[in-house]
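Trainee: Submitted below is the structure of interest, expressed as structure tokens.
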Ligand SMILES: *Cc1c(COP(=O)(O)O)cnc(C)c1O
């Protein structure tokens, strides 16, 4: 029996043992300032209506809850619904958070925005809101990722962002994040750091959850309208974990609703080349927070692998570690191959091309089709659209 989760985080920014702040002293001051401003502003009428206006007229919310009739038939009759975050401006859920954080930055009087990005999706969502609000924007990105994600880099530059290549370490997201933290330590007075998932030091996991929780709130309302009740299960992919937390949050205390997070098993859990942090990792400290993490016997962080760049992160948000340990959320994983297959199946059955990240959640439904029954309703958080992944799909086809 899943436990009812307590109100989290506590006043130390902990979800159970997880979370907290593992950062230099200069940053502690900035985090305190951010936390205070967030608490003051989040309940203010003016801020709430400003946020709501941008959600409606800029992001395009509410996003539909779509009955995937042919995919449901394909699975043997369970009713599958897609929460269509792919229809948001810039094509994914990330913009829910960047809009919220840039409004916070503006209220705090910060004029310079920094961010880090792996696949470029968070960088793009950040560059987008910086253009809209006329703010200076610096995006740190691993040199390797800049090569792999050229179209997103071009878009960020078009939008006026400065994209700085990071050439240390593995030249990927992990190193870009370290570089962004370093920048923040140096420029903390003028600069607001927009973090893209429910990761990093307190209060970021709480702030990102708040701005993404609109997904679950809308879903709950839409379920009531469509069939007058709750879904049996909710399935979401987990990289850092923001789209999953965003949809799970409204249902955490509805014990009849099964919550399932799907991680990237890459080339297979036994290959060592995957990003299944909660399935295979152990608790440790990364990027300012204590959470499950993938590291080797010498304590070195293991380079993750996933065909989907957005799931290719060696850590996971601290709240997921907590929900994992108390058993409220079940974490599963699917391989690159299973995700690629689901990508094609759903494109061809529904005329909707999912992001490769989203394809992991969809692939789990195919993999576990026997666990879902004809009279059940399952909501999938359809985190983003797949146009950005066409290059990778082509490469994979040429290889096979
Ligand atoms: C970034 C991204 C993810 C993974 O990030 P979370 O914080 O785990 O949600 C998932 N889907 C899409 C489309 C993304 O762009």
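In this note's numbering, the protein residues as written are 14 to 413. Just so it is clear, CB atoms sit at the ideal spot from N, CA and C, and this is done for glycine as well.
(1) Any heavy atom of ligand 1 closer than 6 Å to the Cβ of residue 226?
(2) Check whether the segment 98–116 touches the segment 173–184, taking contact to mean three or more Cβ pairs, one atom from each stretch, closer than 8 Å.
(3) Sorry if obvious, but does the Cβ on residue 320 come closer than 6 Å to a heavy atom of ligand 1?
(4) Using only CA atoms, which one of 29, 167 and 120 lies nearest to residue 57?
(5) Is the separation between the beta-carbon of residue 109 and that of residue 261 shorter than 7 Å?
(6) Report back the beta-carbon spacing between residue 209 and residue 188 to the nearest angstrom; my notes put them in contact at under 8 Å.
(7) Report all residues from its chain with a CB closer than 7 Å to the CB of residue 212; omit the five preceding and five following residues, and keep chain order.
(8) Kindly identify the DSSP beta-bridge partner or partners of residue 346.
(9) Taking Cβ positions, are residue 163 and residue 150 nearer each other than 7 Å?
(10) What are the boundary residues of the alpha helix (DSSP H) that includes residue 40?
(11) Which residues are close to ligand 1, meaning CB closer than 5 Å to any heavy atom, in chain order?
(12) In this structure, how does DSSP classify residue 403 when only helix, strand and coil are distinguished?
(13) Nearest-angstrom Cα distance between residue 269 and residue 221?
(14) Considering only the alpha carbon of each residue, which of 404, 365 and 127 lies closest to residue 80?
(15) Is residue 232 helix, strand or coil when you go by DSSP?
(16) Tell me, which residues are paired with residue 295 by DSSP?
(17) Which class does residue 121 belong to by DSSP, given the choice of helix, strand or coil?
(18) Roughly how many angstroms lie between the CA atoms of residue 29 and residue 296, to the nearest whole one?
(19) In the DSSP assignment, the beta strand (DSSP E) including residue 178 goes from what residue to what residue?
(20) What does the Cβ neighbour count give for residue 424, buried or exposed, with the cut at 16 atoms within 10 Å?
(21) Based on Cα-Cα distance, which residue from 272, 289 and 362 lies nearest to residue 339?
(22) Would residue 263 pass as a contact of residue 233 if the rule is Cβ separation under 7 Å?
(23) Examine the Cβ distances between the segment 51–65 and the segment 192–211 and report whether three or more of them are shorter than 8 Å.
(24) What is the rounded straight-line gap between the Cα of residue 265 and the Cα of residue 182?
(25) Could you tell me which residues DSSP puts in a beta bridge with residue 84?
(26) Please work out which residues of its chain come closer than 7 Å, Cβ to Cβ, to residue 123, disregarding the five sequence neighbours upstream and downstream, and give them in chain order.
(27) Contact between the segment 336–350 and the segment 272–283: three or more CB pairs below 8 Å?
(28) Here's a check: name, in chain order, each residue in its chain whose Cβ is nearer than 7 Å to the Cβ of residue 27, leaving out the five neighbours to either side.
(29) Quick check on residue 58 - is its C-beta less than 7 Å from some C-beta in chain B?
(30) Is DSSP giving residue 130 helix, strand or coil here?
(31) Inspect the beta-carbon positions of residue 157 and residue 185 and report whether they are closer than 7 Å.
(32) For residue 381, which three-state DSSP category applies?
(33) Cβ of residue 353 versus every heavy atom of ligand 3: is any distance shorter than 6 Å?
Mentor: Walking through what the data contain:
(1) no
(2) no
(3) no
(4) 120
(5) no
(6) 16 Å between Cβ atoms; not a contact.
(7) 218, 253, 300, 302, 328 and 330
(8) 276
(9) no
(10) 38–54
(11) 105, 134, 210, 252, 253, 254, 255, 256, 323, 368, 370, 396 and 397
(12) helix
(13) 26 Å
(14) 365
(15) helix
(16) 306
(17) coil
(18) 12 Å
(19) 175–179
(20) No answer is possible for residue 424: the residues shown for the chain start at 14 and end at 413.
(21) 272
(22) yes
(23) no
(24) 38 Å
(25) None, per the DSSP bridge assignment.
(26) 203, 204 and 205
(27) yes
(28) 33
(29) Going by chain labels, chain B is absent from the structure shown, which holds only one protein chain.
(30) strand
(31) yes
(32) coil
(33) Ligands in the displayed structure: ligand 1; ligand 3 is not one of them.
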